[in-house]
Every structure is written in structure tokens, then in C-alpha cells.
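Asks: Numbering (the numbering used here), first residue to last: 1236 to 1522.
Every residue, glycine too, gets a C-beta built ideally from N, C-alpha and C.
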Amino acid sequence: MRFAALLAIGLAAAAQESSERQVEKVAAGYTYTQGPAWSPAGFLYFSDIPSGRILEFIPGKGTAVYRDKSNGAAGMAVDSQERLYICETHARRVTRTDRKGKVDVLAERFEGKRLNSPADIAVRKDFNVYFTDPAFGTADDHRELSFYGVYRIAPKGALEAIARPKGRPIGIALSPNGRVLYVSNADERNIRAYDLDKAGAASNERVLVSNIDGIPAGLRTGENGDIYVAARSIFIYSPEGKQVKAIPLAETPSNVAFGDPDLATLYVTARTSLYRIRLDAKGSVQN
């Protein structure tokens, strides 16, 4: 009886593990996909950087072109008003597009100098906006700022550099309660955490996860606080920084986003394709 009970527990655990690892390719034929962001309107934004396009993936229908000239759109986020925030790496700026298509430039210069090349972005419920500003390739050769930055755009528009790490910050995400900011570093291959106060100011910088396998290019959080990282595989870490699970893909992932109406699907951009994975966990409502 004891053996049978243990066997049943083992089979149940294996079934759960299997259900969380069924990876489905839902779109393909691109060059380098990035920036997945779920819209409350019921579809996923993602970009194909070399082609200069932002696309929409509509579950059950397929993909459509949202914008032809994306200025190298990388990280994206959508707020509760369905406004789309875009890190335009080629234009070296952060923009916000409302539902009518009006584009506002939120950040383009800091202390009179052009930003390096904004990479990823997160928006808190109170509309504090956080983004990373590394520089890769030719962008590094032509940058005006002397540092790589992590920034906050306050709800009234003020731009503040909250961190100037030696390595290049790239992925960014908020904890479910919006009180912790997570930032990954492409060179150091780690994740730092920052405490955020009620106004959105950051403090208490510390390294939470070290020695990540691959470049941790994109981050999201689950509603239970787990951190999902796109690196060599999809790695999942607890809020304390302990690795919980790894989900391998056929292509190296570049970024992740929770989607579908129940936020229980993890969408993954990975080189030439867009994938999705149904999970037993749900995503955080913070971007």
C-alpha cells in the first residue's frame, strides 16, 4: 500500500511537470523576435527587430502587422489603459502609444545627452515606468552617456537614473505587489533586486541571482512572486533567488510574457519564432 501511494504521488508530480512543459510554436518565419507584451484587449504584441515590424498574435486567428516602422522595437509593455510602451532601440527613446494611435515620447535624453539604446520596460499600476538602457554593437560605439542605466519615469514625466551598473542591464520586471524591481545584467549574468517605495523610488540594491546559464535577456514575474528568466532556457527562480525549474526550448529565448485572459500562458520570443507554454501558475498583473 505504501509503495502504491508513493507511486501515485510520483505519477501525479510527473503529470504536472509534463503539463507545464508542453511547448507549442505558434508563429515562425521571423529573423529575431523580441518584446512580447499581452494586451487586455486579448492579443499579444511582439516584434521582429531586423524587419522593423511590431506584430500582433491573436489566439485562434494568427498574426497581423501592427506597425511597419518600429524603430527597432525591443521590450514592450501594456498598461491598464491598453497603452503600448515601446523601447525603440534604433531611435534611442521610449514611447507610449494610446488606443487611438497617438505616440508620445516619454524619454529620449538624460542630462542633455541621448539615451544609449533602451532595451526592456515595465510599468507599475500607478504608471511609474522603469526601463533599462544598455548598448550593444554599434550603439555602444556611438553612445553619448558615460554609463549604462536603469531609469524611472515618474507619472508626471520626470526621468531619474536609479542605477548605473558596470555591466549592461537588459531585462526588467516588477514583483506582483510592485514593491520590488528586478533587473538582469547581460555581462554579469545576474539579477539585481531593488526595493521600491510608495512613490516609486528605488533603494537597497542587491544581487539576487548569480551565475545564470546564458544571457538573461528578459524577465517576468508570476502571481506567486516567482521570476521567469529568458536565458539559455527558461529558468524559474523563487522570490528568494533559488532556481525552481528550467524549461528548454528548441531556440534560445529572448524574452517572455504572461498572456491569455487567465494569464496562465507563458509566451516566449525565441529567435525566429514565437512559442507558448500553458502553466499551472499565473502571471503577475504588473508588467
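Check whether the segment 1330 to 1347 and the segment 1280 to 1288 touch, using three or more Cβ-Cβ pairs below 8 Å as the test.
Replies: Not touching, per the Cβ criterion.
Asks: How is Thr1324 classed by DSSP in three states: helix, strand or coil?
Replies: The answer is coil: DSSP assigns Thr1324 none of H, G, I, E or B.
Asks: I'd like to know whether the C-beta atoms of Tyr1502 and Ile1462 end up nearer to each other than 8 Å.
Replies: No, these two residues do not count as a Cβ contact at 8 Å.
Asks: Could you check the C-alpha separation between Lys1304 and Ala1326 for me, to the nearest Å?
Replies: Spanning the two alpha carbons is a distance of roughly 11 Å.
Asks: So what's Thr1268 in DSSP terms, helix, strand or just coil?
Replies: Residue state, collapsed to three classes: strand.
Asks: Confirm, please, whether the CB-CB distance from Gly1270 to Ala1299 is below 8 Å.
Replies: Result no, Cβ atoms of Ala1299 and Gly1270 do not sit closer than 8 Å.
Asks: Residue ranges of each alpha helix (DSSP H) run of no fewer than 4 residues wholly in the segment 1336 to 1415, ordered along the chain?
Replies: If we require 4 residues or more, the alpha helix (DSSP H) runs fully inside the segment 1336 to 1415 come out as 1373 to 1376.
Asks: Between the alpha carbons of Ala1250 and Asn1412, how many angstroms are there, rounded?
Replies: Note that Ala1250 has pLDDT 41, beneath the 50 cutoff, so the model's placement of it is unreliable and no number is given.
Asks: According to DSSP, is Ser1521 helix, strand or coil?
Replies: Contrary to the premise, residue 1521 reads as Gln rather than Ser in this sequence. Looking at Gln1521 - three-state DSSP - the assignment turns out to be coil, as it is neither helix nor strand.
Asks: Since Ser1438 is in the beta strand (DSSP E), which residue starts that stretch and which ends it?
Replies: Ser1438 -> beta strand (DSSP E) spans Ala1437 to Val1444.
Asks: For Ile1289, report the span of its beta strand (DSSP E) as first-last.
Replies: Run containing Ile1289: Arg1288 to Ile1293, per the beta strand (DSSP E) assignment.
Asks: Roughly how many angstroms lie between the CA atoms of Leu1241 and Tyr1301, to the nearest whole one?
Replies: With a pLDDT of 39 at Leu1241, under the threshold of 50, the predicted position of this residue should be treated as unreliable, and no value is reported.
Asks: Report the three-state DSSP secondary structure of Lys1480 (helix, strand or coil).
Replies: In this structure, Lys1480 counts as strand in the three-state DSSP scheme.
Asks: Quick check: the Cα distance between Phe1345 and Ala1398, rounded to an integer number of angstroms?
Replies: Whole-angstrom Cα-Cα distance: 13 Å.
Asks: Ends of the beta strand (DSSP E) at Ser1508?
Replies: Per DSSP, Ser1508 belongs to the beta strand (DSSP E) from Ser1508 to Arg1513.
Asks: What's the C-alpha gap between Pro1400 and Ala1354?
Replies: Taking the straight line from one Cα to the other gives about 15 Å.
Asks: At what residues does the beta strand (DSSP E) containing Ser1282 begin and finish?
Replies: Here the beta strand (DSSP E) through Ser1282 covers Phe1278 to Asp1283.
Asks: Give me the residue from Ser1468, Gly1449, Asp1495 and Gly1476 with the minimum Cα distance to Ile1482.
Replies: With distances taken between Cα atoms, Ile1482 lies closest to Ser1468.
Asks: Does DSSP put Ile1450 in a helix, in a strand, or in coil?
Replies: In this structure, Ile1450 counts as coil in the three-state DSSP scheme.
Asks: Do you know how far the Cα of Ser1445 is from the Cα of Glu1475?
Replies: One C-alpha to the other measures close to 12 Å.
Asks: Tell me which residues share the same chain as Pro1275 and place their Cβ nearer than 8 Å to its Cβ, disregarding the 5 neighbours each side in the sequence.
Replies: Answer for Pro1275: Val1313, Ser1315 and Glu1317, listed in chain order.
Asks: In the DSSP output, which residue or residues are listed as bridge partners for Tyr1301?
Replies: Tyr1301 is not bridged to any residue.
Asks: Report the option in Asn1306, Ser1410 and Ala1485 whose CA atom is closest to the CA atom of Arg1359.
Replies: Arg1359 has its Cα closest to that of Ser1410, out of Asn1306, Ser1410 and Ala1485.
Asks: Are Leu1279 and Gly1494 close, meaning C-beta to C-beta below 8 Å?
Replies: In contact: Leu1279 and Gly1494 (Cβ atoms closer than 8 Å).
Asks: Could you compute how far the alpha carbon of Ala1239 sits from the alpha carbon of Ala1396?
Replies: Since pLDDT at Ala1239 reaches only 42, below the 50 mark, its modelled position is unreliable, and the value read off the structure follows with that caveat. Straight-line Cα distance between these residues: approximately 58 Å.
Asks: Taking buried to mean at least 16 other C-beta atoms within 10 Å of its own C-beta, is Gly1295 buried or exposed?
Replies: Label assigned to Gly1295: exposed.
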